[in-house]
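Participant:
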Amino acid sequence: MEKEVKKISIAVIKRLPKYHRYLGELIQKDVEKISSRKLSEMMGLTASQIRQDLNNFGGFGQQGYGYNVKDLYREISKILGLHNKYNFVIIGAGNLGQAIANYHGFSEKGFHLKGIFDINPKIIGMKIHEVQVMDIDKLEEFIYTENIDIAVICVPKENAQEVADRLNKTNIKGIWNFAPVDLRVRKDTVLEQVHLSDSLLTLSYKINEKLLQERQEKIRQRRDIPGHPLKSIKT
Ligand code: NAI
3 MEKEVKKISI AVIKRLPKYH RYLGELIQKD VEKISSRKLS EMMGLTASQI
53 RQDLNNFGGF GQQGYGYNVK DLYREISKIL GLHNKYNFVI IGAGNLGQAI
103 ANYHGFSEKG FHLKGIFDIN PKIIGMKIHE VQVMDIDKLE EFIYTENIDI
153 AVICVPKENA QEVADRLNKT NIKGIWNFAP VDLRVRKDTV LEQVHLSDSL
203 LTLSYKINEK LLQERQEKIR QRRDIPGHPL KSIKT
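Going from the sequence shown to our numbering is simple: count from 1 and add 2.
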């Protein structure tokens, strides 16, 4: 009988790929077990956070032993659905679409590129990473005949919703959208949006925050120097 799926909070789910990555690296280094303290040092989380997170799926840790790396990796892979294989297509064979098509790391994780689609006749017919770019008009039929699970949207933002509308009429399971627009998709389609510019703005915020803190610290230090003309410091 299939085990009941336990609900895990989104915050924990968002950390799972990181656990997966670190544990994968430990396996490559033939590390068999690891303590929550060691894992926490590597990952920049607290040991208690790690224990709490990992308790969510069966308390793999043993007092005085730590975690069995392979067991934990296997369990996290299962939770992430990586025991399944996924077929995906890329829509938009421009800069980003080609970069994703040329990246080897996805197939290692069970994501197989089956087709690339574009609207531009100059690009249709071109081969990228052994896959021929097809006319977007063949998209729907291809999704059904090739059992495509995921569509990766790499078209300009002005064209992204029309592509999503086409996908909404198919049985696609998931959409990975890179266009900087929030798409409307069917309720039963899983949508994951990757807004690289949003991430860049977060980086900018963090750099700016750090600069401000350093500036304030400098002012504080100068203020402590007796007789320092504080007024001359611009803030
Ligand atoms: P691009 O202009 O190089 O490529 C877009 C491709 O989509 C073109 O080949 C075009 O013919 C095709 N296309 C347009 N409408 C289509 C449709 N209805 N059906 C099928 N194909 C269609 O653009 P790029 O740089 O690859 O960016 C793609 C998307 O990713 C954009 O939305 C962009 O904002 C976003 N993005 C790109 C980044 C990058 O590093 N290139 C970074 C962050 C976001």
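All residues carry an ideal CB built from backbone N, CA and C; glycine is no exception.
Considering only the beta carbon of each residue, do residue 95 and residue 135 sit closer than 8 Å?
Facilitator: Walking along the sequence shown from the start, residue 95 turns up at place 93. Walking along the sequence shown from the start, residue 135 turns up at place 133. Against a cut-off of 8 Å, the Cβ pair of residue 135 and residue 95 comes out as a contact.
Participant: Looking at the ligand NAI, does it come within less than 7 Å of residue 167, judged from the CB to the closest heavy atom?
Facilitator: Translated into positions along the sequence shown, residue 167 becomes position 165. Because no heavy atom of the ligand NAI lies under 7 Å away, the Cβ of residue 167 does not count as near it: no.
Participant: Taking residue 71 as part of the alpha helix (DSSP H), name the residues at either end of that continuous run.
Facilitator: In the sequence shown, counting from the first residue as 1, residue 71 sits at position 69. Note, residue 71: alpha helix (DSSP H), 71-81.
Participant: With a threshold of 8 Å on Cβ separation, who are the neighbours of residue 98 within its own chain once the five nearest residues in sequence on each side are excluded?
Facilitator: To locate residue 98, count along the sequence shown from 1; it is residue 96. Answer for residue 98: 156 and 180, listed in chain order.
Participant: Would you say residue 49 touches the ligand NAI, meaning its beta carbon is less than 7 Å from a heavy atom?
Facilitator: Position 47 of the sequence shown, counted from the start, is the residue given in the question as residue 49. No, Cβ of residue 49 sits at least 7 Å from all heavy atoms of the ligand NAI.
Participant: Assuming the contact rule is C-beta atoms closer than 8 Å, residue 91 and residue 150 should be a hit. Round their C-beta distance to whole Å, please.
Facilitator: Position 89 of the sequence shown, counted from the first residue, corresponds to residue 91. Position 148 of the sequence shown, counted from the first residue, corresponds to residue 150. Confirmed, about 5 Å.
Participant: Only counting the same chain, and skipping five residues up and downstream in sequence, which positions put a Cβ closer than 6 Å to that of residue 238?
Facilitator: The structure shown does not extend to residue 238, since the chain spans only 3 to 237, so no value can be given for it.
Participant: Tell me the residue span of the alpha helix (DSSP H) that contains residue 21.
Facilitator: The residue labelled residue 21 in the question sits at position 19 within the sequence shown. Where residue 21 is concerned, the enclosing alpha helix (DSSP H) stretches over 12-30.
Participant: Please tell me whether, using a cut-off of 7 Å, the distance from the CB of residue 199 to the nearest non-hydrogen atom of the ligand NAI is below it.
Facilitator: Against the sequence shown, residue 199 aligns to sequence position 197. At least one heavy atom of the ligand NAI is nearer than 7 Å to the Cβ of residue 199, so yes.
Participant: Using the DSSP secondary-structure output, state which residues sit across from residue 67 in a beta bridge.
Facilitator: Taking the first residue of the sequence shown as position 1, residue 67 is located at position 65. Bridge partners of residue 67: none, in fact.
Participant: The ligand NAI heavy atoms versus the CB of residue 96: any closer than 7 Å?
Facilitator: Taking the sequence shown and counting its residues from 1, the one referred to as residue 96 is at position 94. Residue 96 Cβ: within cutoff of the ligand NAI.
Participant: With distance defined between alpha-carbon atoms, name the residue in 73, 24, 171 and 214 nearest to residue 1.
Facilitator: Here the chain covers residues 3 to 237 and nothing more, so residue 1 does not appear.
Participant: Apart from the five residues on each side of it in sequence, which residues of its chain come closer than 8 Å, Cβ to Cβ, to residue 174?
Facilitator: For the purposes of this step, residue 174 is taken as the residue at position 172 of the sequence shown. The residues are 145, 150, 151, 152, 153 and 191.
Participant: DSSP puts residue 195 in a beta bridge; with which residues?
Facilitator: Counting from one through the sequence shown, the residue named residue 195 turns up at place 193. Bridge partners of residue 195: 179.
Participant: Take residue 3 and list the residues in its own chain whose beta-carbon comes closer than 8 Å to its own, dropping the five residues that flank it on each side.
Facilitator: For the purposes of this step, residue 3 is identified with residue 1 of the sequence shown, where counting begins at 1. Summary for residue 3: the model assigns pLDDT 49, below 50, so the residue's position carries little reliability, and this model does not support an answer.
Participant: So, helix, strand or coil for residue 174, using DSSP?
Facilitator: As a position in the sequence shown, residue 174 is number 172, starting the count at 1. Coil, per DSSP.
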